[in-house]
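Q:
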Amino acid sequence: KGTILLAPEEEIKQVWFLRKGYIRQYFVSATGEEVTIHIFRPGALLPLMLYSAEIPNRFYFQAATNIEVQEFSAKKILETVQNNPKLLFELTTKFALAINALSLRIEMLATKTSKTKILLFLDYLIKEFGDEENGNSKIDLPLTHAEIAAWIGTKRETVSRELSNLAKAGVLTVNNGFITVNDKNRLSDLKKET
-15 KGTILLAPEE
-5 EIKQVWFLRK
5 GYIRQYFVSA
15 TGEEVTIHIF
25 RPGALLPLML
35 YSAEIPNRFY
45 FQAATNIEVQ
55 EFSAKKILET
65 VQNNPKLLFE
75 LTTKFALAIN
85 ALSLRIEMLA
95 TKTSKTKILL
105 FLDYLIKEFG
115 DEENGNSKID
125 LPLTHAEIAA
135 WIGTKRETVS
145 RELSNLAKAG
155 VLTVNNGFIT
165 VNDKNRLSDL
175 KKET
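Read in this note's numbering, the sequence shown has 95 at position 111, and its numbers run on one by one without any break.
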């Protein structure tokens, strides 16, 4: 956890197949704030999109949790993908899902209130990282309030306040950075209200 696999301006010579854990892609703004772009889940091959499009890297790729990766030569992986239609189709599907997630993120960032952003983000977390346990949805990704704020484009204090309000209302609990949504119906109702 915390290891930087690739930093801005570093040449992309290898790609990683993520077997276990999560990898965060982010940049540092002009004001020094970390802005999360994406969180890669197991099964991701990264940063293949940047390499294949010959886009210079301007992001950090950091282990958000303990991870297990397999490293490959970027050039050899691209050749393999180009010569394997089944693999190419699988990666194209993953890219389409990533573009959809980015579209949802843009929608979330364009929302007017911090409360709405947090509600939409919780819904996203449930769908992407949620594990059902006894009718609850435990988010299998530890997040600090600062990380959530960086993800949704708001202040840490705002995230702390809104999560506290949701906890008081019985919608969720937070334990050591892990969020559990206890009442998905209430979360859905709150989203409709906003």
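Note that beta-carbon positions come from the ideal geometry of N, C-alpha and C, so glycine has one too. Please read all numbers here as calculations on a predicted model, not as lab measurements.
Would you say residue 103 and residue 175 are within 8 Å of each other, going by their C-beta atoms?
A: Closer than 8 Å, so yes.
Q: Got a sec, what are the start and stop residues for the alpha helix (DSSP H) residue 143 sits in?
A: 140 to 152
Q: In three-state terms, what does DSSP make of residue 64?
A: helix
Q: Assuming residue 19 contacts residue 11 under a Cβ cut-off of 8 Å, what Cβ separation, rounded to an integer in Å, is found between them?
A: 6 Å
Q: Below 8 Å between beta carbons: does that hold for residue 46 and residue 125?
A: no
Q: Any idea if residue 121 is buried or exposed, counting beta-carbon neighbours within 10 angstroms, 16 or more meaning buried?
A: buried
Q: Where does residue 73 sit, in a helix, a strand or coil, going by DSSP?
A: helix
Q: Excluding the five sequence neighbours on either side, which residues of its own chain have a C-beta within less than 8 Å of the C-beta of residue 157, listed in chain order?
A: Taken in chain order, the residues that qualify are 151, 163, 164 and 166.
Q: Here's the rule I'm using: 16 or more other beta-carbon atoms within 10 Å means buried, otherwise exposed. How should residue 101 be labelled?
A: buried
Q: Beta carbon of residue 44, beta carbon of residue -9: below 8 Å?
A: Their beta carbons are under 8 Å apart, which means residue 44 touches residue -9 by this criterion.
Q: Leaving out five residues on either side along the sequence, give the residues of the same chain with a beta carbon under 6 Å from the beta carbon of residue 137.
A: 93
Q: Going by Cα to Cα distance, which pick from 123, 74 and -15 is closest to residue 49?
A: Looking at the Cα atoms, -15 is the closest of the given residues.
Q: Could you tell me the distance, in whole angstroms, from the CA atom of residue 135 to the CA atom of residue 21?
A: Approximately 7 Å between the Cα atoms of the pair.
Q: How big is the Cα-Cα spacing for residue -7 and residue 35?
A: 13 Å
Q: How many angstroms separate the CA atom of residue 116 from the CA atom of residue 169?
A: Looking at the backbone, the Cα of residue 116 and that of residue 169 are separated by about 14 Å.
Q: Taking the beta strand (DSSP E) that residue 8 falls in, what are its first and last residues?
A: 7 to 12 is the span of the beta strand (DSSP E), which, as asked, contains residue 8.
Q: Taking only three categories from DSSP, how would you classify residue -12?
A: Three-state result, residue -12: strand.
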